[in-house]
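Per the numbering used here, the sequence shown starts with residue 74, numbered consecutively.
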Amino acid sequence: MTSPERIYALCSAIRYVEQARIEGAVVECGVWRGGSMMAVARTLINCGRTDRALYLFDTFEGMTKPGPLDISLNGDSAENLLKRSARTEEDTLWCYAPIERVVESLALTQYPTSHLHLVPGPVEQTLAVSAPEQIALLRLDTDWYASTKHELEVLFPKLSPGGVVIIDDYGHWQGARRAVDEYLQQHQIMMELHAIDYTGRIGVKTS
């Protein structure tokens, strides 16, 4: 569940990339019910922009299998937590929502469907073939180490200078935080990540 603080930060980031004329698509990895991208679409409409491409990457079948590094802030392993949860649309850990429900939700925003790209499947299988060439805002919310690391490897180089990256689970899932820290260190990227709330982080690519 995305907090009001993270929704506000996301909408503010959209207004920033519009005002700064940062070129590229808006890309979200980890969509669940589509609420964050609905906020993006409505913010773009309010800015008078309806031709920016929006890419939504998700399995649309719930969370992928976590690894040993995927441990919560409280020290609980994601694998054990998922075993104790029901894979239903109501469960906030599995994050299951069929693609049809997301399409219906996005339709409520009245954003042009020609600029909406929903890509089903694990990001490890879809990003290399379906990601746009240029990105203005990148929102990562797949929680786990492996998926987050893969997203950064494929998508961060496509992020425009001045573009925004948002990590939804940096503070909550140790694997997501490790993936981000490793990527930035390995590629010697100097980028300050600002806290949105206890878990969300936001940063601007400088070069």
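For each residue, glycine too, the CB sits at the ideal point set by N, CA and C. None of the values given here were measured: they were computed from a predicted structure.
Got a sec, what are the start and stop residues for the alpha helix (DSSP H) residue 85 sits in?
77-92
Span separating the alpha-carbon of residue 198 from that of residue 220:
10 Å
Should residue 109 be labelled buried (16 or more other beta-carbon atoms within 10 Å of its own) or exposed?
buried
Residue 233 versus residue 124 - alpha carbon distance:
17 Å
Could you give the distance in angstroms between the alpha-carbon of residue 111 and the alpha-carbon of residue 280?
29 Å
Shorter than 7 Å, the distance from the beta carbon of residue 184 to the closest heavy atom of the ligand NAD, or not?
No copy of the ligand NAD occurs in the structure displayed, which carries no ligand at all.
Can you tell me where the alpha helix (DSSP H) with residue 118 in it begins and where it stops?
108-119
Ignore the nearest five residues each way along the sequence and tell me which others in residue 151's own chain have a CB closer than 6 Å to its CB.
139, 143
What is the DSSP secondary structure of residue 145, reduced to helix, strand or coil?
strand
Any idea if residue 61 is buried or exposed, counting beta-carbon neighbours within 10 angstroms, 16 or more meaning buried?
For residue 61 there is no data in the structure shown, the boundaries of the chain being 74 and 280.
Does the Cβ of residue 148 have 16 or more other Cβ atoms within 10 Å, making it buried, or fewer, making it exposed?
exposed
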